[in-house]
Amino acid sequence: MVDKEKRPFYIRMALRLLHVYFSVARGMTMGVRAACFDAEGRIFLVRHSYVGGWHMPGGGLERNETVEEALVKELREEGNLQIIGKPHLIQVYFNTSTTRRDHVVFYRATVAQTAPRPPDWEISDSGFFTLDNLPAGTTEATHRRLAELRGEQEPDHRW
Numbered sequence: 001m002v003d004k005e006k007r008p009f010y011i012r013m014a015l016r017l018l019h020v021y022f023s024v025a026r027g028m029t030m031g032v033r034a035a036c037f038d039a040e041g042r043i044f045l046v047r048h049s050y051v052g053g054w055h056m057p058g059g060g061l062e063r064n065e066t067v068e069e070a071l072v073k074e075l076r077e078e079g080n081l082q083i084i085g086k087p088h089l090i091q092v093y094f095n096t097s098t099t100r101r102d103h104v105v106f107y108r109a110t111v112a113q114t115a116p117r118p119p120d121w122e123i124s125d126s127g128f129f130t131l132d133n134l135p136a137g138t139t140e141a142t143h144r145r146l147a148e149l150r151g152e153q154e155p156d157h158r159w
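Take the sequence shown: its position 10, counting from 1, is numbered 10 in UniProt numbering, and each next residue is one higher.
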């Protein structure tokens, strides 16, 4: 994972401004992420242009948006993914990596990709990976969530 202080100054400032905005616009922030598996059992991961590492897709909830609506929207936007069946709620985590008021609702979902996801200003790379061959730079949080899904450790309450 990229050291937060090694991010370019403009990225650190933009992220800080977003957090200031959200602290005014929202008393608490909530996001959604999902472990998205295809029919072959591979997991879909994304690499953002503005933060280091490979992550499970997801994003923040907007006003008047349900968690599942946000999940469907984020998976479509970040991977051209369509959920097959019903997503399974795993856990709600308290995320203190940036602020002390963020929560992440975590799902497991079976998905199909409707079209390849080309890189853009937000997502620099994405793809499906076997669990025994995750890309270098997969975040520690992603590894912890996968260990929880495999039953190798109890779910934590912190992201």
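All C-beta atoms in this analysis are idealised placements derived from N, C-alpha and C, irrespective of residue type, glycine included.
Counted within 10 angstroms of its Cβ, other Cβ atoms place residue i as buried (16 or more) or exposed
i, result
"D125", "exposed"
"H55", "buried"
"D102", "buried"
"R145", "buried"
"P135", "exposed"
"G58", "buried"
Pairwise C-alpha distance: residue j and residue i
i, j, result
"V104", "R76", "18 Å"
"A115", "E78", "11 Å"
"Y50", "D120", "11 Å"
"R158", "P118", "32 Å"
"R63", "C36", "25 Å"
Closest by C-alpha distance to residue i, when choosing among the options
i, options, result
"T138", "T29, Y21, V46 and R16", "V46"
"D132", "I123, E122 and H143", "H143"
"P8", "F128, G52 and E140", "G52"
"F128", "R33, V111 and A141", "V111"
"G85", "V67, T96, R108 and R100", "R108"
"I83", "V92, T98, T130 and R33", "R33"
"N95", "F44, G60 and R42", "G60"
Strand pairing of residue i, partner residues [DSSP]
i, result
"H48", "I123"
"N95", "D102"
"Q82", "A112"
Nearest-angstrom Cβ-Cβ length linking residue i and residue j, presumed shorter than 8 Å
i, j, result
"F44", "L81", "6 Å"
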